[in-house]
Amino acid sequence: MTKKISIDPITRLEGHGKIEIFLDDSGNVKNAYLQVPELRGFEQFCIDRPVEELPRITPRICGVCPMAHHMASTKTVDAVYHVKPTPTAVKLRNLVYDAYIMEDHLLHFFFLGGPDFVVTPSAPPEERNILGVISKVGLETGKKVIETRKKIREIVIHLSGRIIHPVSGLPGGVSKGLIEEKRIEFLKYAEDALAFAKETLQIFNDIVLKNDKYLDLIVGDIYKHKTYYMGLVDEKNKVNFYDGKIRVVDPNGKELVKFEAKDYLEHIAEHVEPWSYMKFPFLKAIGWNGFIDGKDSGVYRVAPLARLNASDGMATAIAQAEYEKMYDALGGKPAHNTLAFHWARLIEVMYAAEHMFELLKDKGITSDDIRNIPTEVPDEGIGVVEAARGTLFHHYKTDENGIITAVNLIVATVGNAAAMSMSIAKAAQYLIKDGEVNDGLLNMVEMAFRAYDPCLACATHSLPGQMPLEVNIHNSKNEVVKTIRR
Amino acid sequence: MAKPKVALYWCASCGGCDEAVVDLAENILDVVAAVDIILWPIAMDFKYKDIEAMEDGSIAVSFINGAIRTGEQKHIAELLRRKSGLVVAFGSCSSLGGIPALANLTSRRKIFDRSYHNSPTVVNPENIEPKMKASVDGHVLKLPEFFKTVYKLNDVIDVDYYLPGCPPTPELIANAVTAILEGKLPPKGAILSPDKSLCTSCDRNETKPEDVTISKIKRVIDIEVDPEKCFLAQGIICMGPATRDGCGQSCINGNMPCTGCFGPTDSCRDQGAKMIATLGAILEGDDENAVDKVIEGIVDPAGTFYRYAMSASLLGGARKEVENE
């Protein structure tokens, strides 16, 4: 008898998603599928639009991380017009980008994924939310989270017009500069953000790392997959969110390839399944061999831990020290522990804060040299950034007037699509034995994909209330034989 | 007294509307204290079956964002309509079709071809496409139908109020929630943002000449944009004259023109037609040929004048007929 377990809807992945788990005759997990029942068709309907408008159209792919699409798109338009942004524009773009990464990561740690750790994975659901976090870390810290996010989001609003769907990116630069008065104001914000990043790492250290139970969970086998890892690195192979080369390391940490964005077609391909509107990217050099991990599977992972695994370190001092500390604790590089994505995320918060502070200390950022007007004939361009949720590719072709003729996108979360399915299946395999579904399944399964931060997925923790998961166990006649709800 | 029940739901959308609700920041806790949120997939328990089991009309208000692109979205919109006293179309996509409705300029077939066959990264030798019902290793997996056309919410259900914007601002959201809680509601069908054009509150209105004339339409790529001067006076198309106020001129503050996300004011139904009329009055040219030459500068009329309002436009209507054939 085949049983089917539906989790519908799961928490979200750039929109909508559901999990189907199938059991074999003996009641053990045979297969798990992460389905995305939605498609909007940006790649097609962006055709015939003026290319310079895509930085304002493509952010609507994801309103949770619109800055990532805005920036990838802006860089792609630079490439289409063969124009380099001015040094000041590059600084300003980096500044808003760091601000975005930091506020987005903080949202995840304190509101979404972090409560599992800060409050404890086994705490009653009604405590595992931001309010539970506040009661654990204190109201003062809770207020600081809100305050810090608000201030760094103000930097983005000032420079990019809006936080949800920014507008400032233009080929060769940005639409708006920074005046000295604002630089001084924002430098103070960055200083506070830096102090808060330190505090956040201290909280993680005190509450999570000093607790053996949590550490066991992080290093345990249930949340482990040996895969390839991808991330942008600078010329010294340090993590970079805005620019650099794409580096891929194998499950042993050895560099497989390092390539420029413009060559992405040589290295990445996408697999199609009939049961999801989402595609599954893989490494061309290895090939698609199904939803499996290991060296012979082209499945790769992206986002914080993948970026750190694919790099040789962080470009700023404190973040580098934290990077070394993490790998010491996890037994070296690469770390395959899915739950360590949370840790890596905070190390990136540290880097973003330090980098923001550096950028704002530099008076050069207020120069009015914010744009190079394109002079060349537009044709084709590829742009890449590290979105909070992983490596993001935009690729446009235009006619000689800069009107779009073709678009291809590989969206960040999609980079982890196959791995998320695998992580869920593995967690389910550990918890469902002989047809007995452990009630702990729900949170354990949730934790498996929440670590990847698939957008607002687990904002479920931001408010008091029940969890959004429901597991239905169906027999072969599709009758519900058991329902678990939390 | 029991707290009023509120549902928030998303259809074909980006999550930006939900994020805008999260941006109520501290105020969100006040909202949570005043109402009982029974459905908010991005943030809370789905309880889909619970909703089906509820008595009709027992939800005080449902805020629905996103356009209608799939069968599942239509189904849930209909369900929420039945269960709710009020339905508010939340944001541009729900009100007018929004960015996803630009897909009405193309077709479902082309979208599938582009996504699953012609994309340069796709490797698909067996020509697989997502299917509404797929059998994999003997397991049946289902997906909702992907409609041929993108609909706005009031194409599929009756809508009581509209909250415009991509996304609506936290201020407008807070005002709407307060009005509902206090029962101080405008007539049915009202759009919950000031009924005047963006130009009336724009800081650059002062630099807008009495008689703006445009002799050449320019693209933002080609010029250095003056940070204080009216965009139209610079020859750049700004949708301000045809767009409803209420956004706090956020794009203008970023030194970029309005692209029209708040949709039209009450006095005009078709945002693009209004903008074309506005331009018609200010384009400079002695004869038809000269005007034609100026118009050539508008490289993407449909995507410029109807960027967020395709489902509500006459163009969008034509499209639906084609697809229904």
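As they're listed, the protein sequences go chains A and B. To convert, take the position in the first sequence, counting from 1, and add 1; that gives my numbering. To convert, take the position in the second sequence, counting from 1, and add 1217; that gives my numbering. Even for Gly, the Cβ is constructed at its ideal location relative to N, Cα and C.
With distances taken from CA atoms, which of the options is nearest residue i?
i          : options                                           : result
Tyr-101/A  : Val-134/A, Gly-143/A and Ile-156/A                : Ile-156/A
Ala-286/A  : Gly-232/A, Phe-342/A, Met-315/A and Leu-266/A     : Leu-266/A
Asp-49/A   : Glu-401/A, Met-421/A, Val-438/A and Met-423/A     : Glu-401/A
Tyr-215/A  : Val-300/A, Lys-92/A and Ala-330/A                 : Ala-330/A
Ile-383/A  : Asp-369/A, Asn-373/A, Lys-398/A and Gly-162/A     : Lys-398/A
Ser-169/A  : Ala-194/A, His-83/A, His-71/A and Leu-188/A       : His-71/A
Cys-66/A   : Arg-41/A, Lys-92/A and His-106/A                  : His-106/A
His-83/A   : Leu-171/A, Cys-63/A and Val-120/A                 : Leu-171/A
Lys-296/A  : Ala-196/A, Pro-305/A, Ala-304/A and Leu-284/A     : Leu-284/A
Glu-236/A  : Asn-32/A, Phe-260/A and Lys-199/A                 : Phe-260/A
Lys-364/A  : Ser-277/A, Phe-292/A, Ile-180/A and Gly-436/A     : Ile-180/A
Trp-276/A  : Ala-1450/B, His-1356/B and Asn-1422/B             : His-1356/B
Gln-1488/B : Ala-1250/B, Ser-1467/B, Glu-1505/B and Tyr-1525/B : Tyr-1525/B
Are the Cβ atoms of residue i and residue j separated by less than 8 angstroms?
i          : j          : result
Val-415/A  : Pro-282/A  : yes
Lys-1369/B : Ser-1528/B : yes
His-226/A  : Asp-294/A  : yes
Asp-1372/B : Ile-1285/B : yes
Ile-247/A  : Thr-392/A  : yes
Ala-341/A  : Ile-219/A  : yes
Gly-1463/B : Pro-1387/B : no
Ala-354/A  : Met-103/A  : yes
Thr-201/A  : Val-350/A  : yes
Phe-46/A   : Leu-1319/B : yes
Ile-1390/B : Val-1238/B : yes
Val-1305/B : Asp-1247/B : no
Arg-1325/B : Phe-1363/B : yes
Leu-1500/B : Val-1511/B : yes
His-343/A  : Phe-112/A  : no
Asn-29/A   : Asp-313/A  : no
Asp-369/A  : Gly-178/A  : yes
Would residue i count as contacting chain B if we go by Cβ distances under 8 angstroms?
i         : result
Pro-305/A : no
Leu-457/A : With a pLDDT of 38 at Leu-457/A, under the threshold of 50, the modelled position of that residue is not reliable, and the figure given next carries that caveat. Yes, its Cβ sits closer than 8 angstroms to a Cβ of chain B.
Val-168/A : yes
Val-65/A  : yes
Ala-191/A : no
Ser-463/A : At Ser-463/A the pLDDT is 32, less than 50, meaning the model places this residue with poor confidence; the figure from the coordinates comes in the next sentence. So, interface residue.
Ser-176/A : yes
Tyr-229/A : no
Gly-403/A : yes
Gln-430/A : no
Trp-276/A : yes
Arg-50/A  : yes
Tell me which residues share the same chain as residue i and place their Cβ nearer than 6 angstroms to its Cβ, disregarding the 5 neighbours each side in the sequence.
i          : result
Pro-1221/B : Val-1252 and Ala-1277
Met-68/A   : Tyr-101 and Pro-167
Gly-1233/B : Pro-1384
Ser-1230/B : Asn-1282, Gly-1283 and Cys-1310
Val-1442/B : Asn-1472
Ser-74/A   : Leu-55, Pro-56, Thr-59 and His-395
Val-97/A   : Val-157, Leu-160 and Ser-161
Pro-1474/B : Phe-1448, Ile-1453 and Cys-1455
Gly-466/A  : Since pLDDT at Gly-466/A reaches only 30, below the 50 mark, its modelled position is unreliable, and the value read off the structure follows with that caveat. Correct list: empty, nothing qualifies.
Thinking residue i and residue j are a contact (beta carbons under 8 angstroms), I'd like their distance in whole angstroms, please.
i          : j          : result
Ile-1345/B : Glu-274/A  : 7 angstroms
Ala-90/A   : Ile-371/A  : 5 angstroms
Ser-1410/B : Phe-1479/B : 6 angstroms
Tyr-230/A  : Ala-307/A  : 4 angstroms
Ser-27/A   : Tyr-224/A  : Their Cβ separation, rounded to whole angstroms, is 24 angstroms, which puts Ser-27/A and Tyr-224/A out of contact at 8 angstroms.
Leu-1476/B : Asp-1412/B : The question names Leu, but residue 1476/B in the sequence shown is Thr. In fact, because the Cβ distance is near 20 angstroms, the residues do not count as touching under 8 angstroms.
Tyr-352/A  : Ala-388/A  : The Cβ separation is near 15 angstroms, so there is no contact.
Which residues in the same chain as residue i place their Cβ atom closer than 7 angstroms to its Cβ, once the five residues preceding and following it in sequence are excluded?
i         : result
Met-445/A : Ala-428 and Leu-432
Asn-212/A : none
Between residue i and chain A, is any beta-carbon pair separated by less than 8 angstroms?
i          : result
Lys-1222/B : no
Tyr-1333/B : yes
Gly-1520/B : yes
Arg-1421/B : no
Pro-1481/B : no
Asn-1371/B : no
His-1356/B : yes
Please list the partners that residue i has in chain C, where partner means a Cβ-to-Cβ separation under 8 angstroms.
i          : result
Asn-1472/B : In the structure shown, chain C does not exist; the protein chains are A and B.
Among the residues of its own chain, which have a CB less than 8 angstroms from the CB of residue i, if the five just before and after it don't count?
i         : result
Lys-256/A : It is worth fixing the name first, because residue 256/A is Glu in this sequence and not Lys. Result list for Glu-256/A: Arg-248, Val-249 and Val-250, in chain order.
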